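J.:
2 protein chains.
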Amino acid sequence: MMVLITYDVNTETLEGKRRLRMVAKECENVGQRVQKSVFECLVDPAQFAALKRRLEKIIDKEHDSLRYYRLGSNWHGRVEHIGAGQTYDPEGFLSV
Amino acid sequence: MMVLITYDVNTETLEGKRRLRMVAKECENVGQRVQKSVFECLVDPAQFAALKRRLEKIIDKEHDSLRYYRLGSNWHGRVEHIGAGQTYDPEGFLSV
């Protein structure tokens, strides 16, 4: 199933930047980064449970916000993109 | 139906900050801000079409990325939140 993960973290701090990098790394193992802090992950229920455990160890629950949206398996028709590149390049600008 | 809107914009520039404020204002008319640049909007098809037209006039399509995820009407069970407040307070910290 497709799970959309949105992560809100203050990246004005080095620690926040580091947590975002770590969250991105975990999510990119099972999906793609579509915006700076938005990830589309294709997982089965066991993978999703394992991913959640790993992410919830990384984030600072007092300050960061993490949201999961289960889009199910019939998700292609539910998504629409406008504007710059459909994937996110953390090294530079948004890329196509 | 519930539409999740994620907006990626560089808020290190004044213009980017301004665009995020304008997008937030439009989205908050029909929903709530759940993260800095993530909005959950409850709209019917006509409202959704009108909202899209307004948002797409605000954003800079060369640099910003805007994504719509139609979560449908049976969306409550699809969403899970971890960490700081479930709504976002742009004036300060995340609030409960």
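If you read the sequences in order, they're chains A and B.
If you read the first sequence in this note's numbering, its first letter stands for residue 1, the second for the next number, and so on.
If you read the second sequence in this note's numbering, its first letter stands for residue 1, the second for the next number, and so on.
Here a beta-carbon is modelled for each residue, glycine too, at the ideal position from N, C-alpha and C.
Remember, predicted model here, so these are calculated numbers, not experimental data.
1. For Gln98/A, report the span of its beta strand (DSSP E) as first-last.
2. Tell me whether the stretch 52-67 of chain A and the stretch 10-25 of chain A touch, counting them as touching only if at least three CB pairs, one residue from each stretch, are closer than 8 Å.
3. Would you kindly work out how many angstroms separate the C-alpha atoms of Asn10/A and Ile82/B, rounded to a whole number?
4. Taking 8 Å as the threshold (C-beta atoms), are Val38/A and Val3/A in contact?
5. In three-state terms, what does DSSP make of Tyr88/A?
6. Got a sec, what are the start and stop residues for the beta strand (DSSP E) Val79/A sits in?
7. What are the boundary residues of the alpha helix (DSSP H) that Glu56/B is part of?
8. Flag this pair as yes or no: are the beta carbons of Arg70/B and Val34/A separated by less than 8 Å?
9. Leaving aside the five residues before and after His76/B along the sequence, list all residues of the same chain whose C-beta is less than 7 Å from its C-beta, in chain order.
10. Between the alpha carbons of Val23/B and Thr6/B, how many angstroms are there, rounded?
11. Do you know offhand how far Val96/B's Cα is from Gly31/B's?
12. According to a CB-to-CB cut-off of less than 7 Å, which residues of the stretch 51-77 of chain B neighbour chain A?
13. Contact criterion: CB-CB distance below 8 Å. Does Asp44/A meet it with respect to chain B?
14. Terminal residues of the continuous beta strand (DSSP E) containing Met2/B?
15. Please compile the residues from chain A whose C-beta is within a distance smaller than 9 Å of the C-beta of Ala24/B.
T.: Checking against the coordinates, here is how it stands:
1. Coverage of chain A is limited to positions 1 through 96, which leaves residue 98/A absent and any answer about it impossible.
2. yes
3. 16 Å
4. The Cβ atoms of Val3/A and Val38/A do not sit closer than 8 Å to each other.
5. In this structure, Tyr88/A counts as coil in the three-state DSSP scheme.
6. 79-83
7. 45-58
8. no
9. The beta carbon of His76/B is closer than 7 Å to none in its chain, skipping five residues each way along the sequence.
10. Val23/B and Thr6/B have their C-alpha atoms roughly 10 Å apart.
11. With a pLDDT of 41 at Val96/B, under the threshold of 50, the modelled position of this residue cannot be trusted; read the value that follows with caution. Straight-line Cα distance between these residues: approximately 16 Å.
12. Glu56, Ile59, Lys61, Glu62, His63, Asp64, Ser65, Leu66, Arg67, Tyr68, Tyr69, Arg70, Leu71
13. no
14. 2-8
15. Neighbours of Ala24/B in chain A, taken as residues at a C-beta separation under 9 Å, are lacking, since the least C-beta distance is about 13 Å.
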